[in-house]
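**Student:**
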Amino acid sequence: MDTRLTSGDVYVTSPHRNYVIVRLETADGLVGWGDATLNGREKAVEALLEHHVLPELQGHDASRIEDVWQMLFRQTYWRGGPVLNTALAGVDMALWDLKGKEAGMPVYDLLGGRTREYAAVYEHCGADTTDGILENCRNALDLGIEHLRVNPTNDPEEYLRRDNLLGTMETIREALGPEPELIIDVHGRLDPIESARVARELEPIDLFFLEDPIRPENKDAFEVVRERSVTPLAMGELFSNPWEMIPLVEERLVDYIRTDLAHVGGVTPARKLATIGEHHYVRTAFHGPFDISPIGYAATVHLDLAVPNFGIQEMPEYVRADESYPGIEDVFQGGVEFVRGSGGVDLPDEPGLGVSVDLDAVAEHSYEPDTLPRPRNKDGSVQDW
Ligand code: CS2
Ligand code: MG
Numbered sequence: 003m004d005t006r007l008t009s010g011d012v013y014v015t016s017p018h019r020n021y022v023i024v025r026l027e028t029a030d031g032l033v034g035w036g037d038a039t040l041n042g043r044e045k046a047v048e049a050l051l052e053h054h055v056l057p058e059l060q061g062h063d064a065s066r067i068e069d070v071w072q073m074l075f076r077q078t079y080w081r082g083g084p085v086l087n088t089a090l091a092g093v094d095m096a097l098w099d100l101k102g103k104e105a106g107m108p109v110y111d112l113l114g115g116r117t118r119e120y121a122a123v124y125e126h127c128g129a130d131t132t133d134g135i136l137e138n139c140r141n142a143l144d145l146g147i148e149h150l151r152v153n154p155t156n157d158p159e160e161y162l163r164r165d166n167l168l169g170t171m172e173t174i175r176e177a178l179g180p181e182p183e184l185i186i187d188v189h190g191r192l193d194p195i196e197s198a199r200v201a202r203e204l205e206p207i208d209l210f211f212l213e214d215p216i217r218p219e220n221k222d223a224f225e226v227v228r229e230r231s232v233t234p235l236a237m238g239e240l241f242s243n244p245w246e247m248i249p250l251v252e253e254r255l256v257d258y259i260r261t262d263l264a265h266v267g268g269v270t271p272a273r274k275l276a277t278i279g280e281h282h283y284v285r286t287a288f289h290g291p292f293d294i295s296p297i298g299y300a301a302t303v304h305l306d307l308a309v310p311n312f313g314i315q316e317m318p319e320y321v322r323a324d325e326s327y328p329g330i331e332d333v334f335q336g337g338v339e340f341v342r343g344s345g346g347v348d349l350p351d352e353p354g355l356g357v358s359v360d361l362d363a364v365a366e367h368s369y370e371p372d373t374l375p376r377p378r379n380k381d382g383s384v385q386d387w
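Under the numbering used here, think of the first position of the sequence shown as 3, with each following residue one higher.
Set out below in structure tokens:
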């Protein structure tokens, strides 16, 4: 087989929101797809791929995934960071897709084979009112989903009002009973000591985990939360370099690795992180938001199905059984499926990542400029989204 890379292309498409996708082709005509979506900064990744990464890959052997990863990470000299590593992730996923197609195997088989029949998911059940949250939770429970993310607020001040957060969580726990697993995403909106207080106060609620309890810049600050509470912690969706996760795992400051495959550099580094986690009793909870494309989500679930220390998988809205996104279905075919009744997702037995792309539909849904929300505090200063 001639596995030299003969063409590489990048597309930004907006079938409902923007996705950056990478297409690699080999001399013998195999096509691999990867996800290089960086929400709100899509054009920066597109330019990097178009002007630098994809031309430099021409002629390289697509079967040498690790070699290409090392080359793009280390020989760029400027390493890591969301733009560089998201572009690298797009290439890495496309190479795993190609490898699977070459071997006639799903990527989870290349990664050692299944360790489970499906990957359990958590569902987004946040709403503006407690009744709204409970309604969303009951809908998810009816679908068999046992892990519910119940963000009662996005406002840091409300997090810290005892009656608001603890009161709401007590109502939710009482209404749903002891069984459902509950998650809250703090989204880095609190300072370490504030998060420590929240984590400690919520201990009677028995959370599955508290997600992103602090901002990602200063890892030492994690100790402030960890030392004060036994509420399990998950962190990593903002990391854009696999090494950022290591101290948190090695020092057991978190319980779940929450890196995003599309931002940390693809399947290759995420798989290594999972293995490091395994040896430190830390499980996976890879990021799976709406702003990861069906290609990136498929790559994530392939890894979920293979790793022994899988914890939980976030599920983007477009996989949900009760919603449909026609634009996304026009552009992407195949990929992750919700398994009714199981509370989890699975992948069909297709070679590679198992997602194909309709290029006519890509052209019909062109890029739409967009940014993330930009909230301000009462006094006008910048607040974290
Ligand atoms: C969130 C994300 O899914 C999550 O856990 O934290 O929705 C996050 O806000 C987005 O990925 C930002 O692009
Ligand atoms: Mg999050």
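Positions of the beta carbon are idealized from the N, C-alpha and C atoms, including for glycine.
From the DSSP secondary-structure annotation, give me the bridge partner or partners of Ile186.
**Tutor:** As a first step, residue 186 is located in the sequence shown; it is residue number 184 there, counting from the start. Bridge partners of Ile186: Leu212.
**Student:** Can you say whether Ile67 is buried or exposed, counting buried as having 16 or more other CB atoms within 10 angstroms of its CB?
**Tutor:** Your numbering for residue 67 matches position 65 in the sequence shown. Label assigned to Ile67: buried.
**Student:** Taking only three categories from DSSP, how would you classify Tyr299?
**Tutor:** In the sequence shown, counting from the first residue as 1, residue 299 sits at position 297. Tyr299 falls in the helix class under three-state DSSP.
**Student:** Starting from Pro244, follow its DSSP beta bridges and name the residues at the other end.
**Tutor:** Here residue 244 refers to the residue found at position 242 when the sequence shown is read from its first residue. BP columns for Pro244 are empty, so no partner.
**Student:** Report yes or no: do three or more beta-carbon pairs, one from the segment 75 to 93 and one from the segment 260 to 276, lie closer than 8 Å?
**Tutor:** Taking 8 Å as the limit for Cβ pairs, the verdict is that the segment 260 to 276 does touch the segment 75 to 93.
**Student:** In this structure, how does DSSP classify Arg199 when only helix, strand and coil are distinguished?
**Tutor:** On the sequence shown, position 197 is the one that residue 199 refers to. If DSSP states are grouped into helix, strand and coil, Arg199 belongs with the helices.
**Student:** Can you name the start and end residues of the beta strand (DSSP E) that Ala142 belongs to?
**Tutor:** Position 140 of the sequence shown, counting from 1, holds the residue named residue 142. Taken as a continuous stretch (DSSP letters only), Ala142 belongs to no beta strand (DSSP E), being part of the alpha helix (DSSP H) at Thr132 to Asp144.
**Student:** Which whole-angstrom value describes the C-beta separation of Thr15 and Asp63, a residue pair presumed to lie in contact below a C-beta threshold of 8 Å?
**Tutor:** Sequence index remark: in the sequence shown, residue 15 carries index 13 (1-based). Sequence index remark: in the sequence shown, residue 63 carries index 61 (1-based). That pair is no contact at about 29 Å.
**Student:** Report the three-state DSSP secondary structure of Val341 (helix, strand or coil).
**Tutor:** Start at 1 with the first residue of the sequence shown, and residue 341 comes out as number 339. Of the three classes helix, strand and coil, the one that applies to Val341 here is strand, per DSSP.
**Student:** To the nearest whole angstrom, what separates the beta carbons of Leu192 and Met171, a pair I think is in contact under 8 Å?
**Tutor:** Here residue 192 is taken as the residue at index 190 of the sequence shown, counted from 1. Here residue 171 is taken as the residue at index 169 of the sequence shown, counted from 1. In fact, because the Cβ distance is near 15 Å, the residues do not count as touching under 8 Å.
**Student:** Going by CA-CA distance only, name the one from Glu58, Leu97 and Leu86 that's closest to Arg25.
**Tutor:** As a first step, residue 25 is located in the sequence shown; it is residue number 23 there, counting from the start. Among Glu58, Leu97 and Leu86, the Cα nearest to that of Arg25 belongs to Leu97.
**Student:** Given Gly313, which residues of its chain have a CB within under 6 Å of its CB, disregarding the five upstream and five downstream residues?
**Tutor:** Residue numbering aside, residue 313 sits at position 311 when the sequence shown is read from its first letter. Excluding positions up to five away in sequence, the list reads Tyr258, Arg285, Thr286 and Ala287.
**Student:** CA-CA distance, Asp94 and Lys274?
**Tutor:** Within the sequence shown, numbered from 1, the residue matching residue 94 stands at position 92. Within the sequence shown, numbered from 1, the residue matching residue 274 stands at position 272. Cα to Cα, Asp94 sits roughly 14 Å from Lys274.
**Student:** By alpha-carbon positions, which one of Tyr21, Phe241 and Asn141 ends up nearest to Pro218?
**Tutor:** The residue labelled residue 218 in the question sits at position 216 within the sequence shown. The candidate whose alpha carbon is nearest that of Pro218 is Phe241.
**Student:** Considering only the beta carbon of each residue, do Val12 and Leu355 sit closer than 8 Å?
**Tutor:** Looking up residue 12 in the sequence shown gives position 10. Looking up residue 355 in the sequence shown gives position 353. It is not a contact, given that the beta carbons lie outside the stated cut-off.
**Student:** Within 8 Å, do at least three Cβ pairs link the segment 297 to 315 to the segment 101 to 120?
**Tutor:** Touching, yes.
**Student:** Measure the Cβ-Cβ separation of Thr261 and His289 and say whether it is below 8 Å.
**Tutor:** If you number the sequence shown from 1, residue 261 lands on position 259. If you number the sequence shown from 1, residue 289 lands on position 287. For Thr261 and His289, yes; Cβs fall inside 8 Å.
**Student:** The ligand MG: which residues have Cβ under 6 Å from any of its heavy atoms, chain order?
**Tutor:** The set, ordered by position in the chain, is Asp187, His189, Glu213, Asp214 and Glu239.
**Student:** Excluding the five sequence neighbours on either side, which residues of its own chain have a C-beta within less than 8 Å of the C-beta of Thr117, listed in chain order?
**Tutor:** Translated into positions along the sequence shown, residue 117 becomes position 115. Leu307, Ala308, Val309, Pro310 and Phe312.
**Student:** With 16 other CB atoms within 10 Å as the buried threshold, where does His53 fall?
**Tutor:** Walking along the sequence shown from the start, residue 53 turns up at place 51. The residue in question, His53, is exposed, as its Cβ has fewer than 16 Cβ neighbours within 10 Å.
**Student:** Who are the Cβ neighbours of Met3 in its own chain at under 6 Å, not counting the five residues just before and after it?
**Tutor:** The sequence position of residue 3 within the sequence shown is 1, counting from 1. Closer than 6 Å at Cβ, skipping near neighbours: Asp30.
**Student:** In this structure, how does DSSP classify Tyr283 when only helix, strand and coil are distinguished?
**Tutor:** Taking the sequence shown and counting its residues from 1, the one referred to as residue 283 is at position 281. Reduced to three states, the DSSP call for Tyr283 is coil.
**Student:** Taking 7 Å as the limit between beta carbons, can you name the residues of its chain near Pro318, skipping five residues before and five after?
**Tutor:** Position 316 of the sequence shown, counting from 1, holds the residue named residue 318. Contacts found: Gly290, Pro291, Phe292, Ile294 and Tyr299.
**Student:** With the cut-off set at 8 Å, would you say Glu239 and Asp222 are in Cβ contact?
**Tutor:** For this step, residue 239 is matched to residue 237 along the sequence shown. For this step, residue 222 is matched to residue 220 along the sequence shown. No, they are not a contact pair.
**Student:** Would you say Val55 and Leu40 are within 8 Å of each other, going by their C-beta atoms?
**Tutor:** Sequence index remark: in the sequence shown, residue 55 carries index 53 (1-based). Sequence index remark: in the sequence shown, residue 40 carries index 38 (1-based). Not closer than 8 Å, so no.
**Student:** Let me check understanding here. Comparing Cα to Cα, which of Phe334, Glu160, Gly329 and Glu137 lies closest to Ile297?
**Tutor:** Here residue 297 is taken as the residue at index 295 of the sequence shown, counted from 1. For the residues Phe334, Glu160, Gly329 and Glu137, the minimum Cα distance to Ile297 belongs to Phe334.
**Student:** What are the boundary residues of the beta strand (DSSP E) that Gln385 is part of?
**Tutor:** Against the sequence shown, residue 385 aligns to sequence position 383. Premise fails: Gln385 is in no beta strand (DSSP E) and is neither H nor E.
**Student:** Since Phe288 is in the alpha helix (DSSP H), which residue starts that stretch and which ends it?
**Tutor:** Reading the sequence shown from its first residue, position 286 is the one you call residue 288. Note, Phe288: premise wrong, no alpha helix (DSSP H); not H, not E.
**Student:** Do the segment 336 to 346 and the segment 145 to 162 meet, that is, are 3 or more Cβ pairs less than 8 Å apart?
**Tutor:** Counting Cβ pairs under 8 Å, three or more are found: they touch.
**Student:** Helix, strand or coil for Leu32, going by three-state DSSP, please let me know.
**Tutor:** For this step, residue 32 is matched to residue 30 along the sequence shown. Correct three-state label for Leu32: coil.
**Student:** What's the gap between the Cα of Arg202 and the Cα of His189?
**Tutor:** Taking the sequence shown and counting its residues from 1, the one referred to as residue 202 is at position 200. Taking the sequence shown and counting its residues from 1, the one referred to as residue 189 is at position 187. Spanning the two alpha carbons is a distance of roughly 17 Å.
**Student:** For Pro158 and Leu32, what's the separation of their Cα atoms in angstroms?
**Tutor:** Indexing the sequence shown from 1 puts residue 158 at position 156. Indexing the sequence shown from 1 puts residue 32 at position 30. Each residue's Cα considered, the two are about 49 Å apart.
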